[in-house]
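J.: One structure is given below, represented as structure tokens, and several questions about it will come after.
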Amino acid sequence: MTAKRLLILAHAPSPNTERLRAAVLAGAREIAGVEIAMRAPLEATPEDALAADALILGTTENLGYMSGALKDFFDRSYYPCLDRMQGRPYALYIRAGNDGAGARRSVESVATGLRWRAVQEPLIFRGPWREEFVEACRELGMAMAAGLEAGVF
């Protein structure tokens, strides 16, 4: 049986956002039988997304929108992925200095256009940094990988 593939596609421009991305990866790696790929949005290709059975998207909130890096990935990948990834499960986490609503809306708008399927409510880490953000990301990575391994997604 071929292992399922989880793509972690996350922008991490600061030490704290790098900790979030690393925690998602660490959590996902706790589940055997799932192949994990991690890419920065500026380095990711449409082929990376197409090869994934599920995705975890991570972004900062920038001026009430997703990060420019994640937007760049979507700009380059939207049409190559359109009509080839319907129903693909994804989850989203956002590091937001404000409320994160605009970043959430912008990502969900693109995901809806691609017909991806959100498998949980987005994690929005608002306000000043808190250490519990890291544990929530680890749990997110583990839950997505476990869902893939169990065939839930």
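With the first letter of the sequence shown counted as 1, position 3 gets the number 2 in numbering that gives the first Met the number 0; the numbers rise by one all the way through. The C-beta atom is built at its ideal place from N, Cα and C for all residues, glycine as well. Note that the coordinates shown come from a computational prediction; the quantities given were computed from them, not determined experimentally.
For A102 and M65, which I take to be in contact (beta-carbon distance under 8 Å), what is that distance rounded to the nearest angstrom?
T.: For this step, residue 102 is matched to residue 103 along the sequence shown. For this step, residue 65 is matched to residue 66 along the sequence shown. So it is a contact: roughly 5 Å between Cβ atoms.
J.: Closest by CA to L19, which one among E148, G99, V151 and L139?
T.: Here residue 19 refers to the residue found at position 20 when the sequence shown is read from its first residue. The residue with the shortest Cα to Cα distance from L19 is L139.
J.: Flag this pair as touching only if the stretch 29–41 and the stretch 96–114 have three or more C-beta atom pairs under 8 Å; answer yes or no.
T.: The answer is no - the stretch 96–114 does not touch the stretch 29–41, with fewer than three Cβ pairs under 8 Å.
J.: Answer yes if the stretch 113–122 comes into contact with the stretch 3–11, meaning at least three C-beta pairs across the two stretches below 8 Å, and no otherwise.
T.: Verdict: no, contact absent.
J.: From S105 to A2, what distance separates their C-alpha atoms?
T.: By one-based count along the sequence shown, residue 105 stands at place 106. By one-based count along the sequence shown, residue 2 stands at place 3. If you take the alpha carbons of S105 and A2, they lie about 31 Å apart.
J.: If I follow the unbroken alpha helix (DSSP H) through R20, where does it start and stop?
T.: Within the sequence shown, the letter at position 21 stands for residue 20. Per DSSP, R20 belongs to the alpha helix (DSSP H) from P14 to R28.
J.: What's the C-alpha gap between G63 and G96?
T.: In the sequence shown, counting from the first residue as 1, residue 63 sits at position 64. In the sequence shown, counting from the first residue as 1, residue 96 sits at position 97. Computed Cα separation, rounded: 9 Å.
J.: Could you tell me which of P40, L54 and A43 sits nearest to L91, measuring between CA atoms?
T.: Here the question's residue 91 lines up with position 92 in the sequence shown. For L91, the nearest C-alpha among the options comes from L54.
J.: Could you give the first and the last residue of the continuous beta strand (DSSP E) run that contains T59?
T.: Here the question's residue 59 lines up with position 60 in the sequence shown. From DSSP, the beta strand (DSSP E) with T59 extends over A53 to T59.
J.: Which of helix, strand or coil does DSSP assign to R137?
T.: On the sequence shown, residue 137 is found 138 positions in, with the first residue counted as 1. Correct three-state label for R137: helix.
J.: Do A39 and D47 count as a contact pair if the criterion is CB distance below 8 Å?
T.: Along the sequence shown, read from residue 1 onward, the residue named residue 47 stands at position 48. Along the sequence shown, read from residue 1 onward, the residue named residue 39 stands at position 40. Their beta carbons are not under 8 Å apart, which means D47 does not touch A39 by this criterion.
J.: How many Å lie between W216 and Y89 at the Cα?
T.: No information on residue 216 is available, as it lies outside the stretch 0 to 152 that the chain covers here.
J.: Does any C-beta atom of chain C lie closer than 8 Å to the C-beta of P14?
T.: The structure shown contains no chain C, having only a single protein chain.
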